[in-house]
Amino acid sequence: MAEVTLDEIVSLAKRRGFIFPGSDIYGGLSGTWDYGPLGIMLKRNLINLWWKFFIDQRDDIYPMDAAILMNSKVWQASGHVETFTDPLVECQICHARFRADKIDLGKCPSCGQKDTFREPQNFNLMFKTNIGPTSEDASSLVYLRPETAQGIFTNFKNVVDTFYPSIPFGIGQSGKAFRNEISPRDFIFRSREFEQLEIEYFINPKDWQKNFDMWLQLIREWCQLLGLSSDMIVEHEIDQADRAHYSKRTVDFEFKFPIGQEELLGLAYRTDFDLKNIERVSKKSMIYHPKDGSEPFVPHVIEPSFGVERAIMAILSSAYQTDKVNDENRIFLKLPNYLAPYLVVVSPLVKNKVELLDKAQVVFRLLKAEFGAVMWDDNGNIGKRYRRADEIGVPYCITIDFDTLDNDTVTIRDRDTTEQRRVAISELISQIAII
Ligand code: ATP
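For the sequence shown, position 29 (counting from the first letter as 1) is numbered 134 according to our numbering, and the numbering increases by one without interruption.
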């Protein structure tokens, strides 16, 4: 398991402005989290990386962005209204409610009394609301989407008709999903509002094994890009009995989180279940006509489904490191440069020397124009600034000192080794690597 504890991550996230409990000022709202400045920078870097790796660098995946609110028929056709449920139990003594498959039913985790649960009830996880100024009846009922995938399936025909892609091809979408989880827990791991990165990869069923293997490999590469070492990841082949009835193969990628080994992301071969459901309910054909004139068919689908929150939790727990520098304990986040919220921090050695401040501002502006994610810090002594930068994972600290005024060089300090070297300002940009 990761050596860092969940408490250490939650505390760092709050203390340094990555992630705050949602609506904290009014006592919170269970299962919701707010991203602070550093958290949203990390999250954006992660989503951009996903976009670059799975969309920009490939020529077979199209992006899209569907509405969160969709016609209720979407969720009837997909089976969510009927079956997107978790088993709910309520303690007859203290009335606390739990997800039956996540606790020992012999003893209530809240009041400790024995044998207080009745038979589990199915609890639907979709949030409901009403659309328009009409009365709140069944005709105005809409759901907040519990996954981004259905926004892709319902646009399958639109993409085929406008882009004429050759199979295999994929459609990817990043966006919010909402689930009224019975027991949100473990920081952002199980939230009620979270973000997904999903791709539906449409294939000819005869090629499913080859394509599934390709996706297994792509996901392994993706985990490496996130800085997650392979010994922290377990590929869990889901048995037929535990798979969704329509899935012919599902592999969950589990990560050794501080809370234990849990699902990080999933890869599922969903056959033609979703497109066939849409055909059945919409009465519109989802048949794909291959360009080579071969037999038309309803495509099957392979779905790599990633959750942003779980990825962030895995990234933070992998990156969290401690060591001793000059006999002082240090916490540092060993984030890949392309994920770090700030790439560089620029500091004048002292604050009360105008020439140093001016020169440091010139360097700051130069780097900010190039990299964007550059931070300014002139608070406290330089040692403290380095510690603060290490704790939020800034890969490079640049200090403008008295020598800078003489020879136009600065020191550049490496977060992981803490080593410093002198570099000419004219060389600085080429010395700072994003990758
Ligand atoms: P679990 O079994 O843990 O409830 P799931 O199998 O229902 O998860 P999927 O429906 O496969 O999850 O969702 C795809 C991905 O979305 C998951 O791999 C996970 O990364 C993310 N995810 C799902 N539910 C949540 C949640 N409540 N909070 C944060 N991320 C989630």
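Each residue gets a CB set at the ideal place from its N, CA and C atoms; glycine is no exception. Fair warning: this is a prediction, and the values are worked out from it, not measured in the lab.
| query | Would a C-beta distance cut-off of 8 Å place VAL468 and ILE505 closer than the cut-off? | reply | yes
| field | PHE299: CB within 7 Å of a non-hydrogen atom of ligand 2 | value | Annotation note on ligand 2: not contained in the displayed structure, which lists ligand 1 as its ligands.
| query | Within 10 angstroms of its Cβ, does TYR269 collect 16 or more other Cβ (buried), or is it exposed? | reply | exposed
| message | One question on the structure: do VAL413 and ILE152 come within less than 8 Å of each other, judged by their Cβ atoms? | response | yes
| request: Please report the residue range of the alpha helix (DSSP H) in which SER535 lies. | output: 533 to 536
| query | Under the three-state reduction of DSSP, which class applies to MET106: helix, strand or coil? | reply | No answer about MET106 holds up, because its pLDDT of 46 lies below 50 and its placement is not dependable.
| Exposure label - ARG223; buried when at least 16 CB within 10 Å | Its Cβ having fewer than 16 others within 10 Å, ARG223 is exposed.
| task | Express the C-alpha separation of PRO251 and GLY280 in angstroms, rounding to a whole number. | result | 11 Å
| said: On a Cα-Cα basis, can you pick out the residue from ASN227, ASP432, ALA243 and ASP170 that is closest to THR234? | reply: ALA243
| request: Could you check how far apart the C-beta atoms of LEU246 and ASN285 are, in whole angstroms? I think they sit under 8 Å. | output: Not confirmed; about 15 Å, so no contact.
| request: List the DSSP bridge partners of PHE228. | output: ASP191.
| said: Applying the 10 Å Cβ sphere with the 16-neighbour rule, what's the burial state of CYS502? | reply: CYS502 should be labelled buried.
| query | What is the DSSP secondary structure of PRO310, reduced to helix, strand or coil? | reply | helix
| request: Could you pull the start and end residues of the beta strand (DSSP E) that MET337 belongs to? | output: Taken as a continuous stretch (DSSP letters only), MET337 belongs to no beta strand (DSSP E), as it is neither H nor E.
| query | Buried or exposed: which applies to LYS148, given that a residue is buried once 16 or more other Cβ atoms fall within 10 Å of its Cβ? | reply | buried
| message | For ASN316, which residues in the same chain have their Cβ closer than 7 Å to its Cβ, ignoring the five residues on either side in sequence? | response | PRO273, TYR306, ILE308 and ILE407
| said: Taking 8 Å as the cut-off, does the region 430 to 439 touch the region 454 to 467 (at least 3 CB pairs, one atom from each stretch)? | reply: As far as the Cβ criterion goes, the region 454 to 467 does not touch the region 430 to 439, which means the pair count is below three.
| Which listed residue (ASN176, PHE362, ALA254 and LEU302) has its alpha carbon closest to that of GLY237 | The option with the nearest alpha carbon to GLY237 is ASN176.
| Do the region 284 to 303 and the region 372 to 383 touch if we need at least three Cβ pairs shorter than 8 Å? | no
| message | Which same chain residues end up closer than 8 Å to MET106 when comparing Cβ atoms and leaving out the 5 residues on each side of it in sequence? | response | Bear in mind that the predicted position of MET106 carries a pLDDT of just 46, short of 50, making it unreliable; the figure below should be weighed with that in mind. LYS361, PHE362, PRO363, GLY365 and GLN366, listed in sequence order.
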